[in-house]
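Just below is one structure, and these are the notes that go with it.
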Amino acid sequence: MLKKLQVKQTLFKSGETKIAVPLTAPTPKKLLEEARKAVAAKPDVIEWRIDFYKNVLDQQEYRNTQQQLIHILGKIPLLTTFRTQHEGGVAPLSDEQYFKLMQWISLNQLTDLLDLELNRDASQTIPIISAAHRAGLKIIISNHEFQQTPSEEEIITRLQQMATMHADIAKIAVMPKNAADVLTLLNATYHADQQISIPLITMAMGQLGKLSRISGSLFGSVLSFASVGEASAPGQLTAATLRKALEMLSAK
Numbered sequence: 009m010l011k012k013l014q015v016k017q018t019l020f021k022s023g024e025t026k027i028a029v030p031l032t033a034p035t036p037k038k039l040l041e042e043a044r045k046a047v048a049a050k051p052d053v054i055e056w057r058i059d060f061y062k063n064v065l066d067q068q069e070y071r072n073t074q075q076q077l078i079h080i081l082g083k084i085p086l087l088t089t090f091r092t093q094h095e096g097g098v099a100p101l102s103d104e105q106y107f108k109l110m111q112w113i114s115l116n117q118l119t120d121l122l123d124l125e126l127n128r129d130a131s132q133t134i135p136i137i138s139a140a141h142r143a144g145l146k147i148i149i150s151n152h153e154f155q156q157t158p159s160e161e162e163i164i165t166r167l168q169q170m171a172t173m174h175a176d177i178a179k180i181a182v183m184p185k186n187a188a189d190v191l192t193l194l195n196a197t198y199h200a201d202q203q204i205s206i207p208l209i210t211m212a213m214g215q216l217g218k219l220s221r222i223s224g225s226l227f228g229s230v231l232s233f234a235s236v237g238e239a240s241a242p243g244q245l246t247a248a249t250l251r252k253a254l255e256m257l258s259a260k
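Heads up: take any position in the sequence shown, counting from 1, add 8, and you land on the working numbering.
Okay, here's the thing in structure tokens:
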């Protein structure tokens, strides 16, 4: 199923894997330095992992930093992610703080793409999705399994649930314990891509899962995360290594 989503200069579409580079610095100065290095790697998306950011609830500092960050990124879209500790994130936030932060970012149009976790209270998530869409933002609904790989059917069900919630992109990451788990993730991606009308992002984490990070174009995943500095997830490749692998797979 051919699916397309344009965000600034980046076109997400079936059969192509774009590269996202996460920023994980804790302070404005370090973050902007990291952003300049990331931009030099020419990624398709920059992800700001705001759960790493020390003063994430200081609205004035956040807004000032975000404005400088957007200036550095230029036409590269910004994905903003607060990964909660439930799903492998760094900073602790209460549910109330999490939803208030997501709502504030949406209403003030402080990003191009916003990550919202599937396993949050849907009665609070749905209004944020609506507000974000009214503000012109795109929503990634995500789910991370750091202990296991669910069944193929369960992976597809979760991705379908994200689409039903009006995500613009559905994302799932799993932890494989063997090669069969990686195949489960890839099979689920392939079949979900045939059934679901929005772009998908899928990956198996860790050393075992590296294959899934480079083979998305074959199975239906439109974005792979790669590091310039410190990796933000187990098994993440460097941007240069990922780009070489993607180019090799796409060579005619």
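Glycine included, C-beta positions come from ideal geometry on N, C-alpha and C.
Identity of the residues DSSP links to Q14 by a beta bridge
L19
Going by beta carbon distance, what residues of the same chain come within less than 6 Å of G97, once the five residues before and after it are set aside?
D59, R91
Proximity to H94 [Cα-Cα], best of L191, N151, V64
N151
Neighbourhood of Q190 by C-beta distance below 7 Å, restricted to the same chain and skipping five residues each side:
According to the sequence displayed, residue 190 carries Val and not Gln. So the list reads P184, A212, L216, G217, L219, S220, once near-sequence residues are dropped.
Below 6 Å CB to CB, which residues in the same chain sit around H174 once its five sequence neighbours on both sides are set aside?
I137
Would you mind working out which of T157, M110, T172 sits nearest A196, comparing C-alpha positions?
T157
For F227 and Q76, what's the separation of their Cα atoms in angstroms?
37 Å
Contacting residues, own chain, Cβ-Cβ under 7 Å from R57 (five flanking each side not counted)
P30, L31, T32, T89, R91, S240
Taking the DSSP output, what are the residues bridged to K146?
L121
Length of the line joining the Cα atoms of I84 and K16
7 Å
In this structure, how does DSSP classify M211 when only helix, strand and coil are distinguished?
strand
For I134, count neighbouring Cβ atoms within 10 angstroms of its own Cβ and tell me buried if that reaches 16, exposed if not.
exposed
Which term fits E55, buried or exposed, when burial requires 16 or more other beta carbons within 10 angstroms of its beta carbon?
buried
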